[in-house]
Amino acid sequence: VYRGSVKDFQGFDANQDAEALYNAMKGFGSDKEAILDLITSRSNKQRVEICQAYKSLYGKDLIADLKYELTGKFERLIVSLMRPPAYGDAKEIKDAISGVGTDEKCLIEILASRTNQQIHDLVAAYKDAYERDLEADIVGDTSGHFKKMLVVLLQGAREEDDVVSEDLVEQDAKDLLEAGELKWGTDEAQFIYILGRRSRQHLRLVFDEYLKIAGKPIERSIRGELSGDFEKLMLAVVKCIRSTAEYFAERLYKAMKGLGTRDNTLIRIMVSRSEIDMLDIREVFRTKYEKSLYNMIKEDTSGEYKKALLKLCGGDDDAAGEFFPEAAQVAYRMWELSAVKVELRGTVQPAGDFNDDGDAQVLRKAMKGLGTDEGAIIEVLTKRSNAQRQQILKAYKAHYGRDLMADLKSELSGSLAKLILGLMLTPAQYDAKQLRKAVEGAGTDESVLIEIMATRNNQEIRAINEAYQEAYHKSLEDDLSSDTSGHFKRILVSLALGNRDEGPENVTQAHEDAKKLADVSSNDSGDSLETRFLSILCTRSYPHLRRVFQEFIKMTNHDVEHAIKKRMSGDVRDAFVAIVRSVKNKPAFFADKLYKSMKGAGTDERTLTRIMVSRSEIDLFNIRGEFIDLFDRSLHHMIEKDTSGDYRKALLALCGGED
């Protein structure tokens, strides 16, 4: 099935189009609207014929005339559309290595994403256009392992056999693990050989096997073992093997997000993918970033340049409100990966040489007399497990007859005080306190209720119930019931029971559950859409729900999260989405929350503190890994950039390292 957004124009006449372009450019000024309408609605093959017809009719070079008449980004875009794909790639690479410096990102994007045939065409086009050898030019402009991998990719010799050997898959996964994680130093040659030569189908299975035996995705190992441009190139290769559409969706998003636009990247991708997989890219973009590519281009660009880009995009998926096969495949792959058991690790471990009495003395000294030694307090309390902190509380009371919590509260202030005092509570006490704050006073903080209730396991929920009753002499269920209403209240009350099934998946039941969730026509009284989702999402085990979600995709070609967002609204939608994301990948859920707490102007310190404290002994190490995978920057770096003073020191100590 053709997945490009630009197709052959029906009733095409090269001479007629050449004449229309000539008329649009003759005289004073030019009719840019006519030029963009015509060129963006013709296929590349048809544009090449128009160039030939233009020369025959007028003895002039069409590309030269377009360059003369147009300016800026619009000119670059239109001229790029006139070149055959291989010559377009050749021009991009020539520009990337010419002059001072090298545009490594351009080299990576093109050579990591092209097929064998596209690489062969590129090499030939470069030779024809510049009378130079592409490999020799790249070798002369790059170095090290980065150069070696580029040369391997330039051969266009990736295996194309779809028949996969299970034994070789296992061996390659093992070889990659031994070349990186299990080796002192890294055997880069092994990474280059396997990732540069094996077929796409084979490598997808290798990546799945690697996740099983290493307990982490291959991308995370590449980030840990490789560096610089070589690391970026290998990550791009892996992303393109997994899904070329997803790779380009990510590149387009990064080209437009934040201040400024990377127009060269935007133009290159929109032109080069318009007749290959633009529809797939659009679908993945809409699913991954909850916004259509069309709308992002519309908001980020202007003038004729914007109009031409939107024509190449080919449609607005926000308006369509649909979910498509490529996006479903990406979602299904993510569900399958999430089902692989990965060991959860916190960043705070019990201190090996723990001495509760000694720690109590250090803390007393830090708070005695004029001033407070915040550094000493941070050093002790962020390096002890919660169980050890409870022992320190008792030792402090026994030694000095004083309440350590009261002393800390008196000596510390602001965000640091909230973080340190949070560390001194047991996990259940801390969650109970956060929930109490969310429901007391005017207004309710639904986001806190959702975050805690949707992510805690049965044992944690039961402990929270006990701590809540003990601290506030009220049941958590009663407070949730009195402070919320409707389906949202029913979801929270169901979760507050801590009665989720803990058994394995049941394939037959999962199929029935998926069918129940997918049935939009059922409007029986007492069996509303929300009730059906509640009865499954709030009660089934995590392994079972993962199977339900896979069945749902098979059945509907929709991701269950997309279905929730389309069919529900408000707090009910947010609660169900949080449950789904927690089931799918809890560390990724928290990584996303942490990122949002720090991005943009200002910092949501309540959320930042709450997650750093509550996950530090459970899965903060995994959250760090997901953070860098999702946002291409480390949690440590973002905390360092976004916070300050002793609060920052304490957060970085809990973070436990720079990735």
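Here my numbering is used: the sequence shown runs in plain steps of one and ends on residue 1373. Each residue gets a CB set at the ideal place from its N, CA and C atoms; glycine is no exception.
Looking from the CA of P1141, the closest CA among L1130, E1275, E1180 and G929 belongs to E1180. Within the same chain, and ignoring the five residues on either side of K1079 in sequence, the residues whose Cβ sits closer than 8 Å to its Cβ are D1087 and A1090. Our two residues, I1353 and D1318, have alpha carbons roughly 12 Å apart in a direct line. Excluding its 5 nearest sequence neighbours in each direction, D881 has no C-beta neighbour in its own chain below 7 Å. In the structure shown, M984 falls within a helical segment according to DSSP collapsed to helix, strand and coil.
DSSP places R1320 in the helix class (H, G or I) of the three-state scheme.
Assignment of G718 by DSSP, reduced to helix, strand and coil, places it in the coil class.
When Cβ pairs closer than 8 Å are counted between the two stretches, the segment 1301-1309 is seen to touch the segment 1337-1344, the count reaching three or more.
Counting the other CB atoms within 10 Å of its CB gives G1115 a total below 16, which places it among the exposed residues. Counting only residues of its own chain and dropping the five nearest sequence neighbours on each side, Y844 has a CB closer than 7 Å to the CB of K808. L882: member of the alpha helix (DSSP H) spanning E880 to A893, first to last residue. Unbroken alpha helix (DSSP H) stretches of 4 residues or longer found wholly inside the segment 719-749: 728-739, given in chain order. Counting C-beta pairs with one atom in each stretch, the segment 1121-1136 and the segment 1254-1273 have fewer than three that are closer than 8 Å, which means they do not touch. Boundaries of the alpha helix (DSSP H) harbouring M1269: Y1256 to T1270, taken from the DSSP string. In its chain, beyond the 5 residues on either side, I1164, A1168, F1202 and I1205 have a beta carbon closer than 7 Å to the beta carbon of A1289. In this structure, I936 sits away from L925, with a CB-CB distance that is not shorter than 8 Å. About 16 Å separates the Cβ atoms of L1243 and S1208, ruling out a contact at the 8 Å cut-off. With fewer than 16 other Cβ atoms inside 10 Å of its own Cβ, S1127 counts as exposed.
I983 and E933 have their C-alpha atoms some 23 Å from each other. The alpha-carbon of E902 is positioned some 21 Å away from that of G854. For M1119, same chain residues with a beta-carbon under 6 Å away, outside a window of 5 residues either side, are M1138 in chain order.
From the listed residues L780, E1160 and R1324, the smallest Cα separation to L735 is found for L780.
With 16 or more other CB atoms across the displayed protein chains lying within 10 angstroms of its CB, Q1264 is buried. According to the DSSP assignment, M1282 belongs to no alpha helix (DSSP H), since it is labelled neither H nor E. The beta carbons of D991 and R717 sit closer together than 8 Å.
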